[in-house]
Structures are given as structure tokens and as C-alpha cells.
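Each remark here refers to the structure printed beneath this line.
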Amino acid sequence: MLEMEDNDSDAPEELTVEQGFHQDEEIRKIQKDNKARVTREGKERRKLWAQRKTPRPSKKPKNGQEIAENKTEEDGNESPGRRGMLPNEIVNLLAAREKQVFLSDSEDERAEIKPISRKKKVKGSGSGPIILKEIPPPPCLQSSLEFLKKRKMQVSRSSSILNNPNQALRYLSNSGVLSKK
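Each residue of the sequence shown is one higher than the last, beginning at 1 in UniProt numbering.
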């Protein structure tokens, strides 16, 4: 051990095969425990979240006797500290209405989200296949060709090149002007 401390700290640690197996077992055990802990904590977190999100079932009396008992208890609950408060029945009724309003609001939001989705393209039945040769060229094509002719004429060249550009290109390529660059 003392020899290892004397050596450079950057050098790799030298271990025997048994020590390597032992360390590998420890590392694998720790990793396994960590994975189990993470999954357990995740389950607990999801369980707590679900408990918070789910509405609590209200305790509704099943028999007429229980309703009568509740009324007598509520009458007894009207103590001097409770005089300015609404009765429990009215509070419960208002709470139920608010829940209904919130549910209808969320349904409206869901309904509004649906139309935002992409609309499918409506395929027109049309009169049949369209033959492109039968369609006349658009008027912009003619105006663009006229513009190009004007532009071409504005550039200073000899009339022989303007009248027969293919022949002029052959003359230039045969003479070697184009190949010498």
C-alpha cells in the first residue's frame, strides 16, 4: 500500500484478479440497489401524485335514518362561532355546482383543441385528367420572353451573333477561344 502512495497518483490502480472480482461485485450490488431505489421512489411519487389528482368520494348516506341523524347533528353544529356561516347543505350544493362548471369548462377546452388539428385536403372530383398541352401559356410568360429579348438586344454584340447564336458558338469553339482559359 505504501508503494502505491509513493507512485504517481495518475497511474492506474493495480489490482489482483480476486480484488478486481470483489470490487466488480460491490459495484454491481450498488448499481442494483440504486436501480431498485429509483424505481421504488418513482412508484411512490406516481402513487402520491395519483392520490392528489383523484377526487375523494363523498360519503353519501344510504338510508333515510342516516339522513335524519345528519340533520340533527347539523342542527347541533350551529354553535355561536358558526352563526355567520352557511349551512353545510348549501356549501355542499355550491361545491357540486362549481365542480360541474369546471368539468364543463375543461370539456369546452378539449372541444376547442380538436378543430385545430390538420384538415384533410378535399379532393375535387373534377372533369377528369388535365392535359397540359391543351392549356394555353399564361400571359406572364409572353411578357417575360419580351423582357429577355430586350435585355439581349441591349448588350452590344454583332448582328451575326444575335441572329444565329448556335453558329457563333461553333465558330468560337473551333477557333479555340473558349478552350483557352
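Note that the Cβ used here is the ideal one computed from N, Cα and C, for glycine as well. Computed from a prediction, not measured in an experiment: that's the story for all the values here.
Item: Tell me the rounded alpha-carbon separation between residue 252 and I27.; Value: Nothing in the structure corresponds to residue 252, since the chain is present only between 1 and 181.
Item: Helix, strand or coil for A11 per DSSP?; Value: coil
Item: Measure the C-alpha to C-alpha separation of I130 and L145 and round it to an integer number of angstroms.; Value: 25 Å
Item: Excluding the 5 residues flanking P12 on each side, which residues of the same chain have their C-beta closer than 6 Å to its C-beta?; Value: none
Item: Whole angstroms are fine: how far does the CA of T39 sit from the CA of K99?; Value: 35 Å
Item: How would you write the range of the alpha helix (DSSP H) that V38 sits in, first residue to last?; Value: V17 to K53
Item: Taking only the alpha-carbon atoms, compute the straight-line gap between N92 and F102 and give it to the nearest angstrom.; Value: 15 Å
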